[in-house]
Amino acid sequence: LSEEQLLGRLLQRLQLREAPVLDRADVEGLAVPAHVRAQYVALLQRSRGDRSRGK
Amino acid sequence: RFSQNFREVAGRFLGSEADTHLLVFGMEQRLPPNSELVQAALRLFQEPVPAAALHRLSPRGAQALVTVEWLRVRDDGSNRTSLVDSRLVSVHESGWKTFDVTEAVNFWQQLSRPRQPLLLQVSVQRERLGPQPSGAHRLVRFAWQGARGAGHGEPRLELHTLDLSDYGAQGDCDPETPVTEGTRCCRQEMYVDLQGMKWAENWVLEPPGFLAYECVGTCLQPPGPLAAQWPFLGPRQCIPSEMASLPVIVSVREGGRTRPQVVSLPNMRVQKCSCASDGALMPRRLEP
Chain A
1 LSEEQLLGRL LQRLQLREAP VLDRADVEGL AVPAHVRAQY VALLQRSRGD RSRGK
Chain B
56 RFSQNFREVA GRFLGSEADT HLLVFGMEQR LPPNSELVQA ALRLFQEPVP AAALHRLSPR
116 GAQALVTVEW LRVRDDGSNR TSLVDSRLVS VHESGWKTFD VTEAVNFWQQ LSRPRQPLLL
176 QVSVQRERLG PQPSGAHRLV RFAWQGARGA GHGEPRLELH TLDLSDYGAQ GDCDPETPVT
236 EGTRCCRQEM YVDLQGMKWA ENWVLEPPGF LAYECVGTCL QPPGPLAAQW PFLGPRQCIP
296 SEMASLPVIV SVREGGRTRP QVVSLPNMRV QKCSCASDGA LMPRRLEP
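Protein chains in written order, with the working numbering: chain A, 1 to 55; chain B, 56 to 343.
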C-alpha cells in the first residue's frame, strides 16, 4: 500500500480532486463530537469482522 | 478409478424427464480436510448411436447442447438451480465427456451441515432453440440410460485437490525470522504512519497510523504433471485473500467552518494471505 494509493483512495472516496490544504488554526481546538466518534468506533469494530474478498 | 492424483466418486442415476437427468453424488468425506479444490470434473459416458439412426440423420453434423446445473433443495422443499457448465457434443461421437463442475462443488461446500448430497441436473437440448425439425439431440444418450446397474460408464466425479499443508500459506509471518526467498507465503506486519505524510497534516485526524500488513514469501508450485492438467491456471502466488476496510476521520471545511467527518475506505488492511493462481475460479457466494 503506497502513500499515493492511500491518498488516491481517500480522494476517490471523498470525491475530491486533491487533498485540501488546511492550516493548523483550522483544526486547533476542533473537537470530535461524540456521535462522530461513536460512528468511527463502530466502523472500526465492524471492519475487524468484515471479510471482503481480496484479488 | 484407483488414481493417486485425484479422488473419484461414482454417482447414482436418480430419475429423468425426457431430456433432463438428475445425478446424485455422496460427498461426505470425499474432500480431504485442509485442502483446496482446484477442479471438479463430471465425466459422462456418451453411448454410440446405432449406425442406422445416424444414417437417417439430417443435417449431418448434428450436435446437442448439454447443460449441467447444480441443484439445491431448500429447507422449504423448493428447488434452485445454478448453471455451472454447458457445451455442445456431437451426436456422432461416443465415449467419456467431461464437464467442469468445480463451481457446483464450491457451492456444495458452502451449504450448512448436515449437507445434502451433490445434485447435478444434466439436460440434453437441441443445438439451437427454435422450430427445427431435427430431433437429433434425442440420439445423445449417456450410459445411465443404458444397462442400469451394469456398472459400465456410470457418471463419475473427479475431485482434484491440493493439500494446503504443502501448497497453502502459513498465516502470520514469524516476526523473529527475516523473510527470505524460501519463506512460505505469510502475512507480515506493515505499519502505515499517516502522521509522516505531508498531505495528511491537519486533514486526517484519526487514525495516526494503522497496521496494513502485506503478503510476502512464496508458494509451492504443483509438480509438472499436475500443472499440465490445469493449463488454465497460472503460477500460485502469495496474495491477500481477505481484506478489511479502514475507517478514517477527516476534517472537512464547509461554509467557512471545519467539521470532522467519518469515511470508511474498503480493502485497506490484509486480514489473510493465501496461495492462489490466476485463472482459478473465484467461488461465487451461495445466496442464503
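C-beta atoms are modelled at their ideal positions from N, C-alpha and C, and glycine is treated no differently.
Measuring alpha carbon to alpha carbon, tell me which of Arg135/B, Phe154/B, Ser137/B ends up nearest Leu143/B.
Of Arg135/B, Phe154/B, Ser137/B, the residue nearest in Cα terms is Phe154/B.
Quick one: which unbroken alpha helix (DSSP H) runs of 4-plus residues sit fully inside the region 146 to 218 of chain B? Chain order, please.
With a minimum length of 4 residues, the continuous alpha helix (DSSP H) runs that stay inside the region 146 to 218 of chain B are 157 to 164.
Can you tell me where the alpha helix (DSSP H) with Arg13/A in it begins and where it stops?
Looking at the DSSP string, the run of the alpha helix (DSSP H) that includes Arg13/A is 3 to 14.
Report the option in Trp254/B, Pro290/B, Arg168/B, Val79/B whose CA atom is closest to the CA atom of Lys5/A.
Residue identity check: residue 5/A is Gln in the sequence provided, not Lys. The residue with the shortest Cα to Cα distance from Gln5/A is Trp254/B.
Compare the Cα-Cα distances from Leu77/B to each of Asn322/B, Arg129/B, Phe197/B and report the closest residue.
Nearest option by C-alpha distance: Phe197/B.
I think Asp301/B touches Ser47/A, with their Cβ atoms under 8 Å apart; what is that distance to the nearest whole Å?
Residue identity check: residue 301/B is Leu in the sequence provided, not Asp. Correct: roughly 6 Å between the Cβ atoms.
Using the three-state DSSP reduction, which class does Val123/B fall into: helix, strand or coil?
Strand, per DSSP.
Could you spell out where the alpha helix (DSSP H) holding Asp57/A opens and where it closes?
Beyond the ends of chain A as shown, which are 1 and 55, falls residue 57/A; an answer cannot be given.
Is it buried or exposed for Val128/B, if we count other Cβ within 10 angstroms and need 16 for buried?
Burial call: exposed.
If I measure Cβ to Cβ from Gln243/B and keep anything under 7 Å in the same chain, skipping five residues before and after, which residues do I get?
So the qualifying residues of the chain are Cys228, Val234, Tyr268, Glu269, Val271.
With a threshold of 8 Å between beta carbons, is Gln39/A in contact with chain B?
Cβ-Cβ to chain B under 8 Å: yes for Gln39/A.
Here's a check: name, in chain order, each residue in its chain whose Cβ is nearer than 7 Å to the Cβ of Trp163/B, leaving out the five neighbours to either side.
Taken in chain order, the residues that qualify are Met82, Arg170, Leu173.
How many Å lie between Asn161/B and Asp140/B at the Cα?
Cα-Cα distance, rounded: 14 Å.
Could you check which residue in Val121/B, Glu158/B, Arg62/B has the C-alpha nearest to that of Met422/B?
It is not possible to answer for residue 422/B, since the shown part of chain B is limited to 56 through 343.
To the nearest angstrom, how far is it from the Cα of Cys320/B to the Cα of Arg9/A?
The amino acid occupying residue 320/B in the given sequence is Leu; Cys does not appear at that position. About 7 Å.
Could you tell me the boundaries of the beta strand (DSSP E) in which Gly264/B lies?
264 to 266 is the span of the beta strand (DSSP E), which, as asked, contains Gly264/B.
Going by DSSP, what residue range makes up the beta strand (DSSP E) through Pro280/B?
No beta strand (DSSP E) holds Pro280/B; the alpha helix (DSSP H) holding it covers 279 to 284.
So is Ala19/A in contact with chain B if we call contact Cβ pairs under 8 Å?
At least one chain B Cβ lies under 8 Å of Ala19/A.
Kindly list the residues whose CB is nearer than 8 Å to the CB of Thr313/B, restricted to its own chain and excluding five residues on each side of it in sequence; keep chain order.
Contacts found: Ser306, Val307.
Note down, in chain order, each residue of its chain lying with its Cβ closer than 7 Å to the Cβ of Ala65/B, except the 5 sequence neighbours on either side.
So the qualifying residues of the chain are Glu209, Arg211.
Using a threshold of 7 Å, is the CB atom of Arg37/A nearer than that to any non-hydrogen atom of the ligand FMN?
In terms of ligand content, the structure shown is empty, and the ligand FMN therefore cannot be addressed.
With a CB to CB cut of under 6 Å and the five nearest residues on each side skipped, what residues in its chain are close to Ala19/A?
Around Ala19/A: no qualifying Cβ.
Of all the options Val303/B, Glu342/B, Ser332/B, Thr122/B, which has the alpha carbon lying nearest to the alpha carbon of Ala38/A?
When only C-alpha atoms are compared, the closest one is Val303/B.
For Val41/A, which of helix, strand or coil comes out of DSSP?
Three-state DSSP puts Val41/A in a helix.
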